[in-house]
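Colleague: Going line by line, the protein sequences match chains S and L.
So for the first sequence, our numbering puts the first residue at 1; every next one is plus one.
So for the second sequence, our numbering puts the first residue at 694; every next one is plus one.
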Amino acid sequence: MNDQANQPRVGQAIGASLEATKQNLLDVTQRFVAADADEELRDRVEPIVDSLTSHFSKVAFVGQVKAGKSTLVNCLTHKADLLPSDINPWTTVVTQLNFGHPSGRHSGAIFRFFDDAQWDRLAKRGGRLGELTEGLLEDYKKEMLNEQVEAMRHRAQLRLSDQFETLLGKAHRFEKVNRSVIERYVCSGDAPQERIRNPQAGRFNDITRVAEIYFEQEPFGTPICVMDTPGINDPLLIREEITQQHLENAEYFVVVLSAHQPLTESDVRLVRILKALKRDQIVVFVNRIDEIHHLAEDFEELRGRVKANLNNELEGLDVPVLMGSAAWANYSITGDESDIDPEALEEFAKFRGVELPEGGLENADEPTRRAIARQVSGLTELEDTLSTMLLNGAKSSFLGSAASALVSLSRQSSEQTKIRLDYLSQESGPGRTVLTPETKEEAIKLVRDRLSMRAHAITQAGRNAWAKLLTNLEGDATKFAKAQQEGLAGVLATLKRGQDIHIDLDPLRDRLRDNYVKRFDEIQNRIWLDLRALSKELRELFDPEIEKRLRHINIETLGVLSLSPRTDPLYRTVTLDLSTGWLGSLFESSGTKAEKMVNTIQVQFADMCRELIESRREEFETAVERSANSYIIDVTRILEELAGKNVSSVDTSEAKREADAAEAQAQLELTETVVKELEGIAEELGLETELDD
Amino acid sequence: MTDNSSHMPELAVLSEFLSLTAQEESSGGLHDEAHRLYVGLHSQPRVAVAGEFSSGKSSLVNLLVGTDLVQTSVLASRLPTILYEYGTEQKIMVGWWSDTAEDKREFADLDSAAELKPDFIRVTLPADILRMVSLIDLPGTNDPLRAKERTLEMADNAHILLWCTNAVQAWRETERRTWSQLPGQLKENGILVITHVDLPSIRKSLDRLMKRMTDELSSHFHALIPFQSPKAAKARKDGTVSNKTAWEEAGGAQLLENIATLAATVRKESLASARALIEKEINPRLEALRAEAAASVPKPGEILEEWRSTVDGIVSRVEGDKSIGTDEFLSLCRAAVQDVSRMLEHPGLEGPAVAALKAEFRGAAHMFDQSRLADGDEGPEEAALILLQLGYELGSFAAQDG
């Protein structure tokens, strides 16, 4: 049992099953390319192989401040004490731990600072926001609006003197990294006076945006990025804003809750955002069970309740709910007992049916105690759940799309070889009369023209839909601002001395997000249907004889399908998010100013909506263009084959033709094997590989 | 509840002013202010115990009043606001905001009281601390299973705030936001109770946590008290301290001292404010208000007239529209009863006959409020009978007078 708790479990490393499938696909693909020497085919396969080898799973740990995210990340990555975990919530930076990064960078770190614009937005509340609110807040500078950011700037200046202005937009790179380096950037240490005593700790924290730290792939089974985020529900709003903006960079989410308060409104809000964004690869980890008195009696019911409440929120999306303790996991890895209550551990171990040595935990040797802690910590369940999630997620994204593209390409390749065999085996076979170089060129031109016309129409329809959506969203923002405006008088009348008003923008955000996501789905679905219909339409341009040969070619739709909505601009902090603490006093002095302020909602959110739409529109257009190009390449290849491109001159000797035929036959057999294997993998991944007709 | 009115002339003035201005709904700040001061002087200062759900509020309240009435497990059921007042024996009763009359029913425990879905539960106990202050245990905030609006309603009537925050995730944005929306004078008398400081993960760096809390919050709270519920509970069984050292170490002594100090301050301030208000605002108006009231006393005949025309209205409404639903009918009846009740509350109307009539109408309003009428077809019939009965009573009252 010795040290077992320390070791990554052999063969069950997180993501190992995903990696095995991926490797299998790559091996088959290699044999495929070796069998078919066609260069154009290789050009088509190459980006698919790249998508496989460069894939990097991204897991984000999200949750409220002090739910135990950093400790849990340390345990999962077997880097005890790597990330500082402090009694005060000081993770202010998004930390990306990269294991086996595809760039080949496997050590060191890069710390990226805010650039001018970001710092400006955060610390000076200037830029566009500044313009909008100018003159409105002038009199209220004392009113704490800028308190947080001022404090942040003040600290940065204190630590970095004026150097910090020159650091903005830059990054610091390290070939090697250790805890004390990380602390300089990631941990903000204690109050300012103490920092001067120790000027290194937290020195760059205030201006650091992202910390990227690099490791070998071990202990993970697949290249992976584990992201630790600053907590939501933090008194420092800026931290929350940073988290919101990073949510959408990840595909997999571990939502860490505290067993003290299993599922608060803030947690529900977070889960709703994830759901709205279609990030459904989520696992919930209820942490800190070691701190709940006599949890054992309530354990199952507690888990049941969390699960029921979540299901309620997620309308049927079944999210695994695990219960555990990062403190126990940490103890099992480090042997550091200072955060552990042995009685709670023993009580819970008994409840879980763990066999304890005679005399209880107290009489067990250290390795046994640590192994027991590991067993009940929930870490193993988390690892297994993550593995399953990674595989499932890959199936519906890069792995699925690669496998399905490869099945289609290998089928085309086998079709090509069959065409060639037809030529070679029959002196005046049907193949010979199919296409002349001229009719071939005509056919290609016909397809190309029709395709480009239709693709243009699809793009145009998309643009119209996006434009309509923008008008729609702007309408929502205007309506909301109006309603707030009208509600103000009522609120004002009942306002008591010392009480404050707060305008809650979340309903607007939710509304915009839901509206946007719904339309996004519609647009995506429309494009998908249009592309499918187009595949059919294009094939029908040909005689049945040729159409049959083209049956394996479809316009790829996975590129379009794999796009998902991004709403991060919506979660930017706007002026009114900070309204608690001063909006009330603004009213007392001047109603008009406050009204103007509320009106800026419209303008601020219209900006965000525009951004929301433009980036995605371009991505859709690129995806459609890419699919169209691949389609032309594939069709051309088959048509060329039908025009006899790969067949030696018809005048060659019988012997030469026979040799060529034998070679083609051999290639066909190899390719057919590859097709079968690829179809097998596709089936395993649950993909539809049957032909349309 | 101790009645201080005998030796406090200010109370008598406030009470008169309140009844004279009772009719003027939303007459603005003055009536409300007088009411607040009246409540403040008339009864013990009220301590609101607030915080997010599972922040240790219930353990704290149990400890202060020396009972285990409230369950403290993470699975504890959701209870409404609980009001603790002094009484010679333990009683559990229920109440509704809209209800002026007291509900006399008693319950064996909080859960069975909560089944009626009351707006609040009222508990009387012979606990020492309740001689000094009454406690309002507010529902926990940030709970997705609870509607937000009403949780803090009763905080408006409190004088002292105990805000519980769990040391594990101390003072989060949601807490700060909820706290900032509390009335200003309540925030000025706030004590921040930091719970769960006995957990291993907190113990070793409590000083750093306290440093952060002090830096951020000492200007917002009268005191910041790290509190160990389990230890305090052991040291103070059934409301009496058995282990003084442990009680002090757990934060219990400090907590009680601070509550006592604030309670004394509140009393002093209330008295001073009441005097100032009486002198500046009330006295100058009192004569005019009295004269106005004397002139506007409704005659019994007028009240009867009003009643008849309202009831006639209901009758013709019912006759004109056969499809009128039970609910609508009942709410019309209720409105009629409330209208006349309000007229009867006029301070110029006095005497045992008025008092009896008032009681009748209150009782009727109560029936309608709590829909304690029979289910199905008998409900409307019962309501009609009540209206009829009230009409007789009013009629004989008016006849006596005239």
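Ideal Cβ placement from N, Cα and C applies to all residues, glycine included.
1. Mind checking which residues open and close the alpha helix (DSSP H) that includes L:Asp900?
2. I'd like to know whether the C-beta of S:Lys141 is nearer than 8 angstroms to at least one C-beta of chain L.
3. Can we say the stretch 327-335 of chain S touches the stretch 356-371 of chain S, given the rule of at least three CB pairs closer than 8 angstroms?
4. For L:Thr888, is the classification buried or exposed, using 16 other Cβ atoms within 10 angstroms of its Cβ as the cut-off for buried?
5. Specify the secondary structure class of L:Asn882 as computed by DSSP and reduced to three states.
6. Just to confirm the assignment, what range does the alpha helix (DSSP H) spanning S:Pro544 have?
7. Please report the distance separating the alpha-carbon of L:Ala1076 from that of L:Ile996.
8. Please determine, among S:Thr264, S:Pro84 and S:Ser562, the residue with the shortest C-alpha to C-alpha distance to L:Arg865.
9. Quick one: residues in its chain with C-beta nearer than 7 angstroms to the C-beta of S:Arg513, no 5 flanking neighbours on either side, listed in chain order?
10. To the nearest angstrom, how far is it from the Cα of S:Phe99 to the Cα of S:Val186?
11. Tell me, which residues are paired with S:Ile553 by DSSP?
12. Give me the Cβ distance between S:Ile286 and S:Leu322, rounded to the nearest whole Å; I'm assuming they're in contact under 8 angstroms.
13. Closer than 8 angstroms by beta-carbon distance: list the chain S residues that pair up with L:Asn897, in chain order.
14. Taking a cut of 9 angstroms between CB atoms, which residues from the stretch 752-785 of chain L lie near chain S?
15. Using a C-beta cutoff of 8 angstroms, does S:Val65 count as contacting chain L?
16. Counting contacts by CB-CB distance shorter than 8 angstroms, is S:Ser70 in contact with chain L?
17. Look up L:Met687 in the DSSP assignment and say whether it is helix, strand or coil.
18. Suppose you measure from the CA of L:Leu955 to the CA of S:Phe480; what does that come to, to the nearest Å?
19. What are the residues in the stretch 869-884 of chain L lying within 7 angstroms of chain S by C-beta distance?
20. Does any residue of chain S have a CB that is nearer than 8 angstroms to the CB of L:Glu745?
21. How many angstroms separate the CA atom of L:Ser752 from the CA atom of L:Lys924?
22. Do S:Ser404 and S:Leu83 come within 8 angstroms of each other at the CB atom, strictly closer than that value?
23. With DSSP as the reference, label S:Phe520 as helix, strand or coil.
24. If you draw a straight line from the alpha carbon of S:Val177 to that of S:Lys58, how long is it in whole angstroms?
25. Please state whether DSSP places S:Val93 in a helix, a strand or coil.
26. Does S:Ala403 come within less than 8 angstroms of chain C when only Cβ atoms are used?
27. Which residues, taken in chain order from the stretch 848-867 of chain L, show a beta carbon closer than 7 angstroms to some beta carbon of chain S?
28. Taking C-alpha atoms, which residue in L:Ser873, L:Asp891 and L:Lys784 lies nearest to L:Ala848?
29. Using three-state DSSP, classify S:Thr673 as helix, strand or coil.
30. With DSSP run on the structure shown, which of helix, strand or coil describes L:Met701?
31. Alpha helix (DSSP H) containing S:Ile372: first to last residue?
32. Work out the CA separation of L:Ser1009 and L:Ala1052 for me, nearest whole Å.
33. For S:Gly63, which residues does DSSP report across the bridge?
34. Whose C-beta lies closer than 6 angstroms to the C-beta of L:Ile975 among residues of the same chain, with five residues either side of it excluded?
35. Tell me where the beta strand (DSSP E) around L:Gly744 begins and ends.
36. For S:Ala109 and S:Asp116, what's the separation of their Cα atoms in angstroms?
Modeller: Working from what's here:
1. Run containing L:Asp900: Leu899 to Leu910, per the alpha helix (DSSP H) assignment.
2. Legend: pLDDT at S:Lys141 = 34, less than 50; position of this residue unreliable, value from coordinates given subsequently. Not one chain L Cβ lies under 8 angstroms of S:Lys141.
3. yes
4. buried
5. coil
6. Pro544 to Arg549
7. 20 angstroms
8. Selected option, being the one with the closest Cα: S:Thr264.
9. Ala276, Thr567 and Leu570
10. 19 angstroms
11. S:Ile553 pairs with nothing; no bridge assigned.
12. In the sequence as displayed, the identity of residue 286 of chain S is Val instead of Ile. That pair is a contact at about 7 angstroms.
13. The displayed chain sequence assigns Lys, not Asn, to residue 897 of chain L. Those are Ser338 and Asp339, listed as they occur along chain S.
14. Thr765, Ser766, Val767 and Leu768
15. Chain L contact via Cβ: present.
16. no
17. Given that chain L is displayed from residue 694 to residue 1095, the structure contains no residue 687 of chain L and the question cannot be resolved.
18. 43 angstroms
19. Arg869, Arg870, Ser873, Gln874, Pro876, Gly877, Gln878 and Lys880
20. yes
21. 11 angstroms
22. no
23. helix
24. 21 angstroms
25. Judged by DSSP in its simplified three-state form, S:Val93 adopts coil rather than helix or strand.
26. Here chain C cannot be found, since the structure's protein chains are S and L.
27. Asn859, Val861, Gln862, Trp864, Arg865, Glu866 and Thr867
28. L:Ser873
29. Looking at S:Thr673 - three-state DSSP - the assignment turns out to be helix.
30. coil
31. Per DSSP, the unbroken alpha helix (DSSP H) holding S:Ile372 starts and ends at Glu366 to Val376.
32. 28 angstroms
33. S:Val256
34. Phe710
35. Arg739 to Gly744
36. 22 angstroms
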